[in-house]
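Notes follow once the structure below has been shown.
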Amino acid sequence: EDAQCHSAWECGYPEIIKENKLFEHYYQELKIVPDGEWDKFMASLREPLPATIRITGYKSHAKEILHCLKEKYFKELQDIEVDGQKIEAPQPLSWYPEELAWHTNLSRKIIRKSPELEKFHQFLVNETESGNISRQEAVSMIPPVLLKVQPHHKILDMCAAPGSKTAQIIEMLHADMNVPFPEGFVIANDVDNKRCYLLVHQAKRLNSPCIMVVNHDASSIPRLLVENNGSREVLYYDRILCDVPCSGDGTLRKNIDVWKKWTTLNSLQLHGLQIRIATRGVEQLAEGGRMVYSTCSLNPVEDEAVIASLLDKSEGSLELADVASEIPGLKWMPGITQWKVMTKEGHWYEKWEDIPTSRHTQIRPTMFPPKDEEKLKSMNLNRCMRILPHHQNTGGFFVAVLIKKAPMPWNKRQPKLQRRPPVSACDASIAVAPELVKAVTENSAGMADEPAVDTENGETKPCTNQSDSSKTDIVCCPPPSKKMKLFGFKEDPFVFVSEDDPIFDPIQTFYALDPSFPKKNLLTRTQEGKKRQLYMVSKELRNVLLHNSEKMKVINTGIKVLCRNNDGEQYGCAYRLAQEGIYTLYPFINARIVTVSIEDIKVLLTQENPFLSKFSKETQKQANNFDMGSIVLKYEPDPQEPETLQCPIVLCGWRGKTSIRSFVPKNERLHYLRMMGVEVFKEKAEVLEKKPVEGKACDEEHIDEKMDIDGAKEESKELSGNESGDDEDPKEEDVIDRGVLEHVALKNTSAIPASVEDQAEDASVSKESVD
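If you count by full-length UniProt numbering, then the sequence shown holds residues 1 to 771, one letter each, in order.
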């Protein structure tokens with residue numbers, strides 16, 4: 001801490017004193033901290049927050065990563081001293097399942113800046129970028145655990161950016177890796193357009209076809225429609241995460257600016273917004289569904305007061321769930337039932353009747369506990385959970401779990417949608433959005449909106465089908481320009497590929513796709529020109545996209561499964577496989593699969609264009625059965641050899657004239673090599689200037705380290721929502737030019753790619769959840 005302050009002084013920044021008398025007076029008066037623990041509470045707030053990591057649990061590699069961490073990196077940390085202080089061995093979070101979350105006494109800054117921890121830091125950066133671990137604050141992991149997500153659940157994350165909790169939810173949806181398309185999905189929303197793209201980056205790491213990122217004000221997020229057995233129905237969510245904007249005084253340990261900026265006015269100003277967002281959430285929650293409300297604030301005005309207001313106006317439709325037994329090992333304090341409200345000047349008020357009229361715009365009745373003692377008791381506010389920093393060396397946090405028992409009182413008398421013919425890809429085009437979706441009607445109180453109905457007979461007007469629409473791609477796009485503009489920036493449309501599109505037959509023949517392959521779930525981001533990328537979404541998300549193009553501003557959805565190749569047509573198929581979506585597509589592929597050994601995998605990941613002679617005889621024999629073009633490289637673990645990698649690997653590759661290459665991003669290469677026990681580290685050497693020759697194997701001692709074959713430029717286009725239909729994939733040799741060429745070293749084997757550069761670190765830090 002002294003070093004940090006000294007550094008700030010040298011840079012000309014004023015030193016931040018970790019003290020705020022008003023903060024201390026306020027929380028001592030509210031008595032949220034048990035007697036005799038105040039000094040420990042304040043001392044913990046002045047200490048840096050320890051770094052925590054979470055292993056991506058649904059991936060088959062989770063056990064291998066955990067083994068690698070425990071047997072290698074954690075053991076190495078035990079013998080290291082930083083600034084004269086010996087590093088404590090990282091410990092698993094006692095309450096997180098299967099030892100998949102760990103914390104250490106090191107702060108993020110120390111890990112990032114200490115030369116002694118460079119290897120561990122590089123491991124964290126590489127594995128974070130490849131989606132195998134997430135650096136996430138411990139308390140931020142609690143709400144998704146309490147959601148109790150199942151693979152069939154429809155989930156809404158109302159204030160999702162930057163996406164650490166969303167990623168955790170996606171993991172739970174994919175609990176069964178053998179099911180490429182879970183029945184459930186996640187709609188992740190955020191009001192800030194720029195933060196939505198951080199959210200997209202987080203979600204893309206997990207390669208899921210079941211995530212959609214949208215950009216709306218959470219307090220008025222539109223109610224969506226879906227088609228179900230021929231009728232148009234309102235979409236209600238099984239699970240909702242309501243992690244609302246808050247004053248953030250639970251983050252004092254890492255956001256030290258809060259020390260000087262904290263006042264009670266922050267909570268007073270946010271209280272109304274928090275109620276509106278939470279109200280909108282419970283409106284869209286299905287009966288029997290569960291909504292988790294959370295803040296990184298300790299203030300009851302933002303916590304218990306919001307929950308009490310919801311319970312009060314729900315008239316018994318909501319109840320607080322008792323979740324004490326759902327996270328064993330977590331220490332928490334029960335919610336309080338009595339609190340006072342303080343103005344920014346420090347004046348206390350115990351009840352609404354005492355508030356001067358001049359203060360009515362700043363202080364509202366819902367900020368106080370209910371006056372009726374029986375009603376207050378029936379709310380069971382003690383079931384709320386407040387996490388204090390000194391109990392388990394975490395940040396401060398508040399969480400409450402609400403169960404919906406019946407429709408909200410203001411929803412009970414609203415008209416229901418009537419049965420209507422279903423709309424399919426074969427008999428309708430949604431290029432003209434009004435034919436499918438009626439305008440959204442919202443009341444001034446911000447209550448639930450319903451689809452427009454015919455006021456004469458109470459039924460929805462039927463959709464007129466177009467006779468020639470079977471030849472038209474299905475387009476999900478913003479409304480026509482003549483209508484009132486709902487959104488500012490216009491994203492590229494989501495165009496579903498029609499089932500009779502001529503591009504699909506060569507793909508199905510080339511890869512011998514199974515008849516069960518859901519080709520109607522393929523989409524592109526352009527209406528004109530060549531289809532450059534093909535993405536895939538789940539059946540349920542397709543349903544949502546088709547029927548809500550006017551209502552939603554969709555930033556991103558789908559997983560890339562196929563990419564157009566310049567020269568692909570001469571090899572029988574214009575589209576090659578994309579590594580990003582290979583685990584989704586692989587269960588449907590029945591041709592062009594080469595089963596490789598563990599040694600073959602090492603060759604593929606450590607050499608750019610290895611000759612066929614570098615591979616095992618069996619692999620050579622299989623490869624010789626295929627013409628040039630895209631192939632699947634599959635490794636199956638051998639249970640008889642437990643010392644080898646015990647999780648399957650599926651890679652995209654290219655069968656050349658005399659060689660095979662893998663199309664695997666840099667960080668993913670490093671991940672697989674680590675899992676196979678290969679020592680990966682960066683050697684300082686001058687950058688090579690030469691360009692690899694197509695079809696020529698690279699020198700084993702000095703190899704090119706190729707970037708993601710899909711390219712950083714291409715990813716940038718995806719994140720911005722812009723994709724040109726006229727551009728085609730760059731040639732492979734052009735892609736490799738974007739790679740960073742480094743000398744690398746390998747213990748007991750040939751050369752391997754170097755560790756990733758530190759350039760992504762600052763971006764990685766900004767993407768982690770602030771709560």
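Backbone N, C-alpha and C define an ideal beta-carbon position, used for all residues, glycine too.
Member of the options whose CA lies at the smallest distance from the CA of residue i
i           : options                           : result
Leu522      : Val213, Lys551 and Cys563         : Cys563
Glu302      : Met291, Val292, Gly329 and Gln274 : Gln274
Asp249      : Leu298, Gln28, Leu376 and Lys63   : Leu298
residue 855 : Ile187, Cys68 and Gly677          : Look at the range of the chain in this structure, 1 to 771, and you will see that residue 855 is not part of it.
Ala286      : Asp238, Trp259, Pro180 and Asp312 : Asp238
Glu137      : Pro610, His671, Asn393 and Leu545 : Asn393
Lys531      : Phe185, Val495, Gly84 and Ile32   : Val495
Asp39       : Val544, Pro389 and Lys344         : Pro389
Val149      : Lys621, Thr524 and Arg290         : Arg290
Gln202      : Pro502, Ala167, Ala62 and Glu550  : Ala167
Leu645      : Gln620, Arg669 and Met676         : Met676
Glu373      : Glu227, Glu71, Thr343 and Ala308  : Ala308
Asp83       : Leu117, Leu93, Glu64 and Asp627   : Leu117
Lys165      : Phe185, Pro370 and Leu241         : Leu241
C-beta atoms of residue i and residue j nearer than 8 Å
i      : j      : result
Lys553 : Val596 : no
Gly329 : Leu381 : no
Asp190 : Asn215 : yes
Ser662 : Leu604 : yes
Glu641 : Ile555 : no
Trp95  : Ile387 : no
Tyr511 : Arg576 : no
Ser130 : Leu49  : no
Gly656 : Asn609 : yes
Val234 : His271 : no
Leu224 : Lys551 : yes
Lys539 : Phe181 : yes
Glu88  : Asn105 : yes
Leu311 : Ala278 : no
Cβ-based burial, residue i [other Cβ within 10 Å; buried from 16]
i      : result
Gln607 : buried
Val282 : buried
Met177 : exposed
Pro14  : exposed
Asp157 : buried
Asn565 : buried
Val680 : buried
Asp734 : The pLDDT assigned to Asp734 is 33, lower than 50, so where the model puts this residue is not dependable; a value taken from the coordinates is nonetheless given after this. When all chains shown are included, Asp734 counts as exposed.
Thr361 : exposed
Lys666 : buried
Ile17  : exposed
Thr509 : exposed
His153 : buried
Ala188 : buried
Cys365 : Reading off the sequence, residue 365 comes out as Pro, not Cys. With fewer than 16 other Cβ atoms within 10 Å, it is exposed.
Pro451 : For Pro451, the predicted model reports a pLDDT of 42, less than 50, meaning its position is unreliable; a value from the coordinates is still stated below. Result: buried.
Pro502 : exposed
Pro34  : exposed
Asn548 : buried
CB contact below 8 Å: residue i versus chain D
i      : result
Asp303 : Given the protein chain composition of this structure (a single chain), no chain D is represented.
(message) Does the structure place the region 404-413 close enough to the region 312-330 that three or more beta carbon pairs sit under 8 Å?
(response) yes
(message) Contact between the region 138-157 and the region 289-298 is defined here as three or more beta-carbon pairs at a separation below 8 Å; is this criterion met?
(response) yes
(message) Runs of 3 residues minimum, wholly inside the region 387-413: which ones carry the beta strand (DSSP E) assignment?
(response) 397-404
(message) Quick check for students: name the residue ranges of the alpha helix (DSSP H) that lie wholly in the region 288-354, counting only runs of 4 or more.
(response) 304-314
(request) Check whether the region 40-49 touches the region 71-86, taking contact to mean three or more Cβ pairs, one atom from each stretch, closer than 8 Å. (result) no
(message) Under 8 Å, with one C-beta from each stretch per pair, do the region 622-634 and the region 576-591 reach the 3-pair mark?
(response) yes
(message) Taking contact to mean 3 or more Cβ pairs, one atom from each stretch, closer than 8 Å, check whether the region 166-176 and the region 189-209 are in contact.
(response) yes
(request) Answer yes if the region 251-266 comes into contact with the region 14-26, meaning at least three C-beta pairs across the two stretches below 8 Å, and no otherwise. (result) yes
(request) Tell me the start and end of each unbroken beta strand (DSSP E) in the region 111-183 that is at least 3 residues and wholly inside, in chain order. (result) 133-135 and 154-157
(message) Quick check for students: name the residue ranges of the alpha helix (DSSP H) that lie wholly in the region 49-93, counting only runs of 4 or more.
(response) 62-68 and 74-77
(message) Could you tell me which whole beta strand (DSSP E) segments of length 3 or greater appear in the region 221-275?
(response) 225-228, 231-234 and 237-243
(message) Give the list of continuous alpha helix (DSSP H) stretches no shorter than 4 residues that lie fully inside the region 179-221.
(response) 193-204
(request) Please confirm if the region 611-618 is in contact with the region 540-552, defined as three or more CB-CB distances below 8 Å between the two stretches. (result) no
(request) Please go through the region 642-683 and give each complete beta strand (DSSP E) segment of 3 or more residues, from N-terminal end onward. (result) 649-655 and 660-662
(message) If we require 4 or more residues per run, which alpha helix (DSSP H) segments fall completely within the region 538-579?
(response) 539-546
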